[in-house]
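Per numbering that gives the first Met the number 0: the sequence shown = residues 0 to 196. Ideal placement from N, C-alpha and C gives every residue a C-beta, glycine not left out. Below is one structure; the comments refer to it alone.
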Amino acid sequence: MIFTHDTEVALAFVAALADTSAEASDSGVEELSTPAELATLLDTWEYSGRRDLDERELVEVREARARLRALWLQERDDAAVAVNELLAEAHAVPRLVRHDGMDWHIHATEPDAPLARRILVEAAMALVDVIRADQMDRLRACDADDCEGIFVDLSKNASRRFCSTRCGNRMAVRAYRARSLTARPGPSGMDAGTRPA
Ligand SMILES: [Zn+2]
Ligand SMILES: [Zn+2]
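Set out below in structure tokens:
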């Protein structure tokens with residue numbers, strides 16, 4: 000394990016949240032366009048605390064999403080400044096809590112604080128761990144040229160390149176086609192067997 004469990008879950012949630020935007024989602028459309036979609040995301044991640052599920056909350060969460068995506072891709076020193084700003088602005092007060100069957104972990108907001116603020120602060124607390132452990136390069140953007148997805152690379156050798164297997168497969172097919180095209184004029188026939196049928 001690279002980070003503590005709660006930090007890894009918090010980071011995975013940020014990536015999942017960011018990947019609901021049209022540029023990053025599997026569907027290619029905005030996946031946070033209604034309070035119901037937001038509720039589904041929160042249920043999937045067993046996100047506790049206050050939910051208003053109104054338009055205002057939705058707008059705030061989408062703003063938080065954009066802010067976190069930018070933060071995700073910052074250099075370590077800049078990310079540290081941004082995290083400090085975020086924690087100060089939200090008047091974050093870290094405390095250990097145990098709830099819903101989860102063992103002791105950190106919350107830095109009250110459960111009745113607005114959802115977007117709790118999302119930002121929880122992400123900031125996770126980033127505190129990432130920055131302290133000098134692991135900002137674990138926070139990546141998808142290598143697929145047509146995808147704006149982000150992900151946290153928790154693989155042993157930090158070698159993950161794509162946000163999803165869908166992107167990985169698509170890029171593999173594209174690379175294969177590109178290789179086949181360049182191989183075609185070759186007179187040796189060496190690559191003939193690797194061409195798509
Ligand atoms: Zn909690
Ligand atoms: Zn992707």
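Item, Value
"Is the CB-CB distance between A122 and D136 below 8 Å?", "no"
"Check this for me: beta carbons of I229 and L119, under 8 Å apart or not?", "Absent from the model: residue 229. The displayed extent of the chain is 0 to 196, so no value can be given."
"Assuming A197 and V28 are in contact, meaning their beta carbons sit under 8 Å apart, how far apart are those beta carbons, in whole angstroms?", "The structure shown does not extend to residue 197, since the chain is modelled only from 0 to 196, so the question has no answer here."
"Please report the distance separating the alpha-carbon of V13 from that of V172.", "28 Å"
"Where do the N-terminal and C-terminal ends of the beta strand (DSSP E) with I105 fall, by residue?", "101–106"
"Per DSSP, what kind of secondary structure is L67 in: helix, strand or coil?", "helix"
"Under 7 Å: does the beta carbon of G27 sit that close to some heavy atom of ligand 2?", "no"
"Assuming contact is defined by CB atoms lying nearer than 8 Å, are G167 and A23 in contact in what I supplied?", "no"
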